[in-house]
Amino acid sequence: MGGSILRGALKLGALSAETVWVNDALPGRAESVAEELGVHAAESKREMLANADCVLYAAHPSNLEAALSELSQSGWEPRHWMLSIAAGVATSRLESLLPKGAAVVRAMPNIAASVGEAMTCVCGGAHADEKHIASSERLLSSVGETARVEERLMDAVTGLSGSGPAFALVVLEALADAGVEIGLPFDQSLLLARQTLLGAAVLAAESEDHPAVWKSRVASPGGSTAAGLAALERGGARAALRDAVHAAAARSKELGNA
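Its first residue numbered 5, the sequence shown is counted upward by one per residue in this note's numbering.
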């Protein structure tokens, strides 16, 4: 995810390659990213902090304590601040692992950052000001849409937009498989399903009408779409998607409390 954000920010000019320093716990990873994108590979967190003000934490939450402890002991100064995309990790926890008064912004992007169509929500910690949040939004807007939310809603964000692409891809897969079952070649069925979902999303994005309004425009009385919608309701599709979002949000909360 960090790499996707970096690629998008560089492509759109939100960042300049000469200002970016990459550090990774895995041997050779930073060097590989630096060679690909023309940024600097920092041999240590101390070298990274010496050359950058903002630290994008894009590692797994399980590495959090070790990574932030090392950062704290590697020349962290008042000018430094953190943008974290660690799922489920509250700003208060991040602040507790960094030097006192550290500014932290928390964000929840999704995998669509890799194609510039992410949905990312952000919130600021106790010491983050408008400058920190606005800088985060400029960076993350380079890979999609952004919105500010209260931190108490971040687990809900994770359940809906963070995990949501996986749920949408299950719908895509199911539609394509159904097309094959009724006689379409797989490649053609996948194309039809993919473009249908994309078109529906664009319709919703470019209109102020509720999705139900568009649904009613497609479903004429007694028609084929109405029959299909009735089958979806009988099959519990709406309830299953709702349950998936609830389950993902609950798991995000559990991970944050671990």
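Just so it is clear, CB atoms sit at the ideal spot from N, CA and C, and this is done for glycine as well.
Given the structure is predicted, the values throughout are model-derived calculations rather than measurements.
Identity of the residues DSSP links to residue i by a beta bridge
i, result
"residue 10", "Per DSSP, none; premise fails for residue 10."
"residue 110", "88, 127"
"residue 148", "122"
"residue 26", "45"
Where residue i falls: helix, strand or coil (DSSP)
i, result
"residue 139", "helix"
"residue 156", "helix"
"residue 45", "strand"
"residue 59", "strand"
"residue 223", "coil"
"residue 211", "coil"
"residue 250", "helix"
"residue 37", "helix"
"residue 83", "coil"
"residue 96", "helix"
Buried/exposed call for residue i, threshold 16 Cβ in 10 Å
i, result
"residue 104", "exposed"
"residue 88", "buried"
"residue 247", "exposed"
"residue 64", "exposed"
"residue 82", "exposed"
"residue 110", "buried"
"residue 213", "exposed"
"residue 136", "buried"
"residue 173", "exposed"
"residue 60", "buried"
Beta-carbon proximity check, residue i vs residue j, cutoff 9 Å
i, j, result
"residue 162", "residue 91", "yes"
"residue 69", "residue 101", "yes"
"residue 187", "residue 256", "no"
"residue 58", "residue 86", "yes"
"residue 128", "residue 147", "no"
"residue 179", "residue 201", "yes"
"residue 169", "residue 116", "yes"
"residue 130", "residue 99", "yes"
"residue 18", "residue 143", "yes"
"residue 7", "residue 37", "yes"
"residue 193", "residue 182", "yes"
"residue 244", "residue 233", "no"
Integer-rounded CB distance, given that residue j should sit under 8 Å from residue i
i, j, result
"residue 97", "residue 78", "Not confirmed; about 19 Å, so no contact."
"residue 215", "residue 208", "5 Å"
"residue 107", "residue 113", "In fact, because the Cβ distance is near 19 Å, the residues do not count as touching under 8 Å."
"residue 159", "residue 56", "Not quite, the Cβ-Cβ distance comes to about 29 Å (not below 8 Å), so this is no contact."
Proximity test, residue i beta-carbon vs the ligand HEM heavy atom, cut-off 8 Å
i, result
"residue 102", "In terms of ligand content, the structure shown is empty, and the ligand HEM therefore cannot be addressed."
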